[in-house]
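One structure is given below, encoded as structure tokens.
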Amino acid sequence: MNNLAIYTKIKIFTFLFVTLSILIISASATIFTENGDEIDADGLHRLIADDAPEYSTDSIVFFYDPECGSCIPAHEYLESYIEENPDTLVIIHNIDNSQEDWDLFNEFKNTFNREKVFVPVIYIGPVALEGHEDIEAYFNDVYAWYAPKI
28 MNNLAIYTKI
38 KIFTFLFVTL
48 SILIISASAT
58 IFTENGDEID
68 ADGLHRLIAD
78 DAPEYSTDSI
88 VFFYDPECGS
98 CIPAHEYLES
108 YIEENPDTLV
118 IIHNIDNSQE
128 DWDLFNEFKN
138 TFNREKVFVP
148 VIYIGPVALE
158 GHEDIEAYFN
168 DVYAWYAPKI
């Protein structure tokens with residue numbers, strides 16, 4: 028095998044590795060509220076320090092796609108959380124599963140005044156956590172804050 032063939036194979040492998048790495052990494056990690064505004068962790072902690080407001084939906088809804096790399100750890104986290112806390116009220120929707128789930132995903136996006144929303148995302152009353160990092164980091168606190176309102 029000559030040097031050009033080896034160099035070409037290394038270049039192709041590098042390209043594939045970088046491309047796959049980008050696709051697997053979470054597209055976003057965002058916390059946003061019902062008016063569409065993004066907030067940081069400090070803003071979230073200030074929000075949940077007050078009493079949870081009454082909200083028009085009485086459910087906590089998680090959207091994911093099983094083909095999404097960052098959805099897998101978020102889905103596993105929620106499944107484990109629900110197993111450890113069987114009274115947890117979370118409705119799980121696979122947006123790749125049906126048009127109805129996809130339409131509901133878009134309905135929540137519009138209700139929260141967002142142009143774009145990425146999966147995984149969980150809506151807990153007036154707060155949405157997008158991306159597996161934020162779901163894993165803040166779900167327990169936001170759920171404990173809002174769940175008594177359900």
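Counted from 1, the sequence shown has number 90 at position 63 by my numbering; the numbering is strictly sequential.
Where a beta carbon is used, it is the ideal one built from N, C-alpha and C, also for glycine.
Values in this document were obtained by computation on a predicted structure and should not be read as measured data.
Along the beta strand (DSSP E) that carries Val169, what are the first and last residues, could you check? Where Val169 is concerned, there is no enclosing beta strand (DSSP E), although the alpha helix (DSSP H) it sits in stretches over His159 to Tyr173.
Taking only runs of the alpha helix (DSSP H) that begin and end inside the region 98-136, which ones reach a length of at least 4 residues, in chain order? Fully enclosed alpha helix (DSSP H) runs of no fewer than 4 residues occupy 98-111 of the region 98-136, in order along the chain.
Residue(s) in a DSSP beta bridge with Ile149: By DSSP's assignment, Ile149 forms a beta bridge with Phe89 and Leu156.
Buried or exposed: Ile37, going by 16 or more other Cβ atoms within 10 Å of its Cβ? Ile37 should be labelled exposed.
Taking the straight line between their C-alpha atoms, what separation do you get for Ser48 and Ser97? Note that Ser48 scores 49 on pLDDT, short of 50, meaning its location in the model is unreliable and no value can be drawn from it.
DSSP three-state label for Phe139, please. In the structure shown, Phe139 adopts coil according to DSSP, grouped into three states.
How is the alpha helix (DSSP H) around Asp69 delimited, first residue to last? Ala68 to Ala76 is the extent of the alpha helix (DSSP H) around Asp69.
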